[in-house]
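Q: Residue numbers (my numbering), protein chains in the order written: chain A, 22 to 577; chain B, 22 to 577.
This is the structure in structure tokens:
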């Protein structure tokens, strides 16, 4: 079988100006990064005379499984299919994190014949956005410790510095550390830790900022810790926001690339909807909607995580409104949710499938009822899927009034998602009916309760007294109108990754809360979630290689 | 007065293909990074039919002072001047580190009317090389801790892991840390620390590698620590070199930019000759010599540090040979070396100047006698310099048979360095007479003694018994033929930065030794040297800003 990277390496690639022309983007806005990647200079863009008001299509999925569902692949295949049926289209994806590329998950550029190019570059440093975010984040961290070392004029409490450090590497040894050891010249010893770059508040700020000016404003509002009297101290008080914004001046420009079928794709902003808000940038999505009739975007993991944050954070704050939602599933993954062992997935099992369909049903309910969006199920076809299994999925979805469309874009490219494209065009014809799960004026605790009960089916919510007190303190300090960003396992509706089948009646327990006054939301971290992943026993790094001519192998 | 960044922002910039054409580089090798930066794809370069065997000019300086001497500025001004007098020329510089840009030192793109462009971009992320080096370095660190966590099959001694982590931020709090805290899930607690990226062995490997294949070979040879039985463990045993090389596949491509006067400049590889080898890449220098008749390059700090490493490490290992050396000085800085206070530098003082000239004399002696190179002193002119002071410098240098050429390229661009260019052409006419300071077959301890006595005028060398035993162990293990890379303060010939005037009779004490089996040298760290800088009381970050249109201010 041809590997993803081999397919990508054999593909013909069009000059970037031809891709930009499809979106009617002015040539002078195109800043090349090598032959096949480019950034778009926001200051050289102007609203085209025939500016569009594109329809926004959100691609989400069932709860992820080790079997793989193909959400990014479907996003790309759907974009290619819309182009094939004659629509003007732009895909909006999130940038891959290098941590998982060398760990377990692999890249995030699609697969088979539904990929964005250049695959290896996008999965590695791409145009340097993550490095810039890490540099800005860590500059602020260095300025904090330097401020302490130089006399601590702001009176920061060494025990309550909340700004950690970041790296784009899966590195569990850095989760909890002690810095400042070795005596007076090295500053004050204190507890600290590293998160992965995508979990940085700077990533969320970059994704949610509407402009360079808004970016700088938000950076200045970041709360880095507290004084001994309990007052918050901001990055602005440390005079950090100007230098941080300078470090991000290229990163805020959206990246333009193309699919194997030369559909334009903007790849901009961060993944990881389990520990971050996990949506691509507002700047890129807005730009795409002005330049294409259909914009296909994705949000991470299942519709409970990424799609919820897409609605309740990104859309709430930006005014963007999706017109339809695609929920990606596979029969293999549904059988896994129904309790079938990984090794037995190729075998037909109507009973496991029936049980597993409950996962899909709950996601469909969330999207239709709680987010208010018309949806379609995209079923990525495997050769082992039986007719009886397919019929069962269709019958089950018919009860919820939702169509199931079979897709083969992995094998066939855009041609394999044309039926999906037609259904999406039909669903997206009307004005957006999007609903928010909770209101701005709900208290932070009420927001969590509404979200947990509606989307996760939880009977109750819980948190240590300290976390509750912290939420109350933020409520009192004027942060109560912020949306919440729940960090939890993507594998279950509960906070226990192993509980595949539980859809209701559980308690959602929050372990920790983080104020993101620049991103303007509050992160609630559930049990079992790590903001710095580790490497597996056999990391992908062992298999990744390059030959003397510069050809990369082992990326997937 | 117009600031450096204002001059740079007002400059006309030529399309990169016109710059590449000056060097007869094939258009298909040019990979643009934005409009005004590019990488050169090594696999698409071919030796031109009229391949040159350029003359290599090394620019060095007196020991640096807070007054500033202008070494990079002179390198650029000389390149521009050579172009003005009709020579085919390429400048080879080192990439700036972002740490000092936000700390104290400022950028490294020259100044006044002798600058490389685009100034802000080069001083910030440039083309991502430092980020790639950091990513490769930290991936190896994560693989080490993961190896321990997953069972430590190689039997690494937790107490003797020598591979640290890196960041391109001045951050003293990370110099000495404890990682792996928080229980079983986070790995094994152990002592660790961060260096600045330029001090990474990966940076040295990138700079010294002759090709992608050589890069991968060297990465595999990195020693990361020792087993409990004392055996070294390598990156190759951790299967890390393939993935690390993949992360460096773009970084190994030299970066092409232009000066204000459109002279081609390759900027590639690391600075910091105090804590690293501090030379630009072998790949870039070789490429320049094939495509230009004159190649002007620099090595960091005074001729004792950067130039020595240029000769004894870079030239020794690569076969490159410089034809002449320029030693940069200013009357202000010489008076500072003679004991004049910073605030009094504008005032004439022949006595301070006379005393300070001893510093220049020793550097001239080192270059002429110990490195065997013909040299010229480039005196960067300030308006306060008096005729009597100039005459004194000239008379003093005449005794050593060395010309002093007055330069005004800071104010006048290349026109201000034409006299220097003519003298350099004269000096570089003959074949290289370069000499090495010590021989490969000298023991490591003998190498240090030869270097310390010849170049630093030391009467003796010293090291703790533990360091001596370590050097003997490496000698016995077959690393004795490696050159040494002395990390010491650049401000004095002694290891005490405050001892400006001492030229002889002192003892050079080494505190720590690090084996770089990939870079193929041994770092000897002297007292008072830090491989991770800190930020000053008033960091440059406080002044650096960007306006809503994306214009950067405060960079210098």
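Where a beta carbon is used, it is the ideal one built from N, C-alpha and C, also for glycine.
Excluding the 5 residues preceding and the 5 following residue 432 of chain A in the sequence, name in chain order all residues of the same chain whose CB lies nearer than 7 Å to its CB.
A: Correct list, in chain order: 133 and 134.
Q: Excluding the five sequence neighbours on either side, which residues of its own chain have a C-beta within less than 7 Å of the C-beta of residue 226 of chain B, listed in chain order?
A: Counting only Cβ-Cβ distances below 7 Å, and skipping sequence neighbours, we find 236, 239, 240, 539 and 540.
Q: In its own chain, which residues sit with a C-beta less than 6 Å from the C-beta of residue 332 of chain A, not counting the 5 before and 5 after it?
A: Only 392 meet the Cβ criterion.
Q: Is DSSP giving residue 193 of chain A helix, strand or coil here?
A: The answer is helix: DSSP assigns residue 193 of chain A an H, G or I state.
Q: My assumption, with CB atoms under 8 Å, is that residue 120 of chain A sits in contact with residue 554 of chain A. Please give the rounded CB distance.
A: Confirmed, about 6 Å.
Q: Decide if the segment 190–201 of chain A is in contact with the segment 252–270 of chain A; the criterion is three or more beta carbon pairs, one per stretch, under 8 Å apart.
A: Flag = no, the segment 190–201 of chain A and the segment 252–270 of chain A do not touch.
Q: With a CB to CB cut of under 8 Å and the five nearest residues on each side skipped, what residues in its chain are close to residue 601 of chain B?
A: Any question about residue 601 of chain B goes unanswered here, given that chain B covers just 22 to 577.
Q: With 8 Å set as the bound, which would you pick, yes or no: does the beta-carbon of residue 330 of chain B sit closer than that to a beta-carbon of chain A?
A: Chain A, which has no Cβ nearer than 8 Å to the Cβ of residue 330 of chain B, makes this no.
Q: Quick one: give me the first and last residue of the beta strand (DSSP E) that residue 253 of chain A is part of.
A: Counting along the chain, the beta strand (DSSP E) containing residue 253 of chain A begins and ends at 253–255.
Q: List, in order along the chain, the chain B residues whose C-beta lies closer than 7 Å to that of residue 54 of chain A?
A: Those within 7 Å of residue 54 of chain A in chain B are 54.
Q: At a CB-CB cut-off below 7 Å, which residues of chain B make contact with residue 527 of chain A?
A: The contacting residues do not exist; residue 527 of chain A stays about 23 Å from chain B at best.
Q: Counting pairs of Cβ atoms below 8 Å between the segment 248–255 of chain A and the segment 279–294 of chain A, do you hit three or more?
A: Verdict: no, contact absent.
Q: Could you have a look at residue 440 of chain A and say whether DSSP puts it in helix, strand or coil?
A: Helix at residue 440 of chain A.
Q: Going by alpha carbons, who is nearest to residue 272 of chain B out of B:223, B:558 and B:515?
A: It is B:223.
Q: Closer than 9 Å by beta-carbon distance: list the chain B residues that pair up with residue 271 of chain A, in chain order.
A: Here the neighbours are 55, 142, 145 and 146.
Q: I'd like to know if residue 455 of chain A contacts chain B, where contact means its C-beta is closer than 8 Å to some C-beta of that chain.
A: No, no contact with chain B.
Q: Any beta carbon of chain B sitting closer than 8 Å to that of residue 190 of chain A?
A: Yes - at least one Cβ of chain B is within 8 Å of the one on residue 190 of chain A.
Q: Give me, in chain order, the residues of the same chain whose beta-carbon lies closer than 7 Å to that of residue 32 of chain B; leave out the 5 immediate sequence neighbours on both sides.
A: For residue 32 of chain B, where only same-chain residues beyond five positions count, the Cβ hits under 7 Å are 138 and 281.
Q: Pop quiz: residue 27 of chain A and residue 350 of chain A are said to be a contact at Cβ under 8 Å. What is the actual Cβ separation, rounded to whole angstroms?
A: With a Cβ gap of about 27 Å, residue 27 of chain A and residue 350 of chain A do not count as contacting.
Q: Output the distance between the C-alpha atoms of residue 94 of chain B and residue 82 of chain B, rounded to the nearest integer angstrom.
A: Spanning the two alpha carbons is a distance of roughly 12 Å.
Q: Is the beta carbon of residue 347 of chain B closer than 8 Å to that of residue 63 of chain B?
A: No. Outside cutoff.
Q: Can you check the segment 163–251 of chain A for any beta strand (DSSP E) of at least 3 residues that lies completely inside it and give the ranges in chain order?
A: The segment 163–251 of chain A contains these whole beta strand (DSSP E) runs: 177–182, 186–188, 198–200, 211–213, 215–217 and 244–248.
Q: Between the segment 192–203 of chain B and chain A, which residues of the former have CB atoms less than 7 Å from a CB of the latter, in chain order?
A: Residues passing the 7 Å Cβ filter: 192, 193, 194, 195, 196, 197, 198, 199, 200, 201, 202 and 203.
Q: Tell whether a beta-carbon distance below 8 Å holds between residue 24 of chain A and residue 577 of chain A.
A: Yes.
Q: Output yes or no for whether 8 Å exceeds the beta carbon distance between residue 506 of chain A and residue 243 of chain A.
A: No; because the gap between Cβ atoms is not below 8 Å, this pair is not in contact.
Q: Among B:147, B:355, B:192 and B:293, which one has its Cα closest to the Cα of residue 268 of chain A?
A: Of B:147, B:355, B:192 and B:293, the residue nearest in Cα terms is B:147.
Q: From the DSSP secondary-structure annotation, give me the bridge partner or partners of residue 279 of chain A.
A: Bridge partners of residue 279 of chain A: A:138 and A:285.
Q: Between residue 327 of chain A and residue 299 of chain A, is the Cβ-Cβ spacing less than 8 Å?
A: Going by C-beta atoms, residue 327 of chain A is nearer than 8 Å to residue 299 of chain A.
Q: Is any beta-carbon of chain D found at less than 8 Å from that of residue 128 of chain B?
A: Included in the structure are the protein chains A and B, with no chain D among them.
Q: Between the segment 433–444 of chain B and the segment 486–500 of chain B, are three or more C-beta pairs nearer than 8 Å?
A: The segment 433–444 of chain B vs the segment 486–500 of chain B: no contact.
Q: Show which residues of chain A have a CB atom less than 8 Å away from the CB atom of residue 573 of chain B.
A: Here the neighbours are 267 and 270.
Q: Counting only beta-carbon atoms, is residue 473 of chain A nearer than 8 Å to chain B?
A: For residue 473 of chain A, the answer is no, since every Cβ of chain B falls outside 8 Å of its Cβ.
Q: With which residues is residue 543 of chain B paired in a DSSP beta bridge?
A: Residue 543 of chain B is bridged to B:505 and B:536.
Q: If you draw a straight line from the C-alpha of residue 544 of chain A to the C-alpha of residue 112 of chain B, how long is it?
A: Rounded to whole angstroms, residue 544 of chain A to residue 112 of chain B spans 50 Å at the Cα level.
Q: Quick check: what's the CA-CA separation for residue 472 of chain B versus residue 218 of chain B?
A: Their backbone Cα atoms lie some 26 Å apart in a straight line.
Q: Output the boundary residues of the alpha helix (DSSP H) element that contains residue 380 of chain B.
A: Note, residue 380 of chain B: alpha helix (DSSP H), 371–386.
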